[in-house]
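A quick write-up on the structure given underneath.
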Ligand SMILES: Cc1cc2nc3c(=O)[nH]c(=O)nc-3n(C[C@H](O)[C@H](O)[C@H](O)COP(=O)(O)OP(=O)(O)OC[C@H]3O[C@@H](n4cnc5c(N)ncnc54)[C@H](O)[C@@H]3O)c2cc1C
């Protein structure tokens, strides 16, 4: 029986595997995580609207009623196309057909130095780090006791509403719009450091 190995259980890998569930091939899906991550909702985890478990589904659960694919938690570290062989952290596997669906990495458009000043948002660790940073900035705003802080506390509610998607620009008249939006942005950035 032909062996198909799919590396990566993101949207692409899952789609490939789903198309092969009833095939006569011997299908194996390998991912370095044992869950499929729904990346479009990472923003909500980063802003504390959802918890990581809400956007991560165990891969085995997705295919629980199917014979195919077999699911393996492992990380691809090498491919030998001459031998039809892949190497993972824990094993080597022979394939007849190989599907590489390992996604992408953040791009800094040729400015890798920007990496030190920014957060990626590609995985759960990125999202929870960003969430911690945002929540700590709010906590810091709560603790400040001077006049600037009192301004900060109304800014705080603007920021909170903004992050929760409740900020209604129409409530502001045209004159105040740019001013009110600019203040909370500046405050968040200064607390971010
Ligand atoms: C914050 C955010 C918001 C987005 N919003 C939208 C949206 O609204 N609409 C939309 O259409 N798209 C959106 N996208 C894009 C969409 O999520 C991606 O296009 C899609 O996830 C790509 O699917 P993929 O299968 O190619 O890669 P991924 O989903 O990244 O999956 C790659 C898989 O490969 C695994 N893997 C990687 N390397 C290895 C290795 N060496 N060994 C084993 N496993 C490995 C990973 O663990 C992962 O499970 C968003 C992306 C992000 C980050």
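Numbering (the working numbering), first residue to last: 724 to 916. We put the beta carbon where it would ideally sit given N, CA and C, even for glycine. Everything numeric in this text was worked out from a predicted model, so none of it was measured.
A direct Cα-to-Cα measurement between residue 863 and residue 784 gives close to 41 Å. Bridge pairing for residue 817: 808 [DSSP]. Contact annotation: residue 750 and residue 792 have beta-carbon atoms nearer than 8 Å. About 4 Å separates the beta carbons of residue 825 and residue 731, which is inside the 8 Å limit, making them a contact pair.
Assigned with DSSP and collapsed to three states, residue 855 falls in helix. For the region 730-780, the continuous alpha helix (DSSP H) assignments of 4+ residues that do not extend past its boundaries occur at 734-742 and 765-769, in sequence order. Rounded to whole angstroms, residue 782 and residue 832 show a C-alpha spacing of 33 Å. Within the same chain, and ignoring the five residues on either side of residue 772 in sequence, no residue has its Cβ closer than 6 Å to its Cβ.
The beta-bridge partner set that DSSP reports for residue 793 consists of 751. Distance from residue 866 to residue 770 at the Cβ level is roughly 21 Å; contact not present, criterion being Cβ atoms closer than 8 Å.
Relative to ligand 1, the beta carbon of residue 778 is positioned no closer than 7 Å to any heavy atom. The alpha-carbon of residue 779 is positioned some 10 Å away from that of residue 756.
As the crow flies, the alpha-carbon of residue 851 is around 21 Å from that of residue 754. If you draw a straight line from the Cα of residue 752 to the Cα of residue 848, it is about 23 Å long.
For the pair residue 813 and residue 725, the Cα-to-Cα distance works out to about 22 Å.
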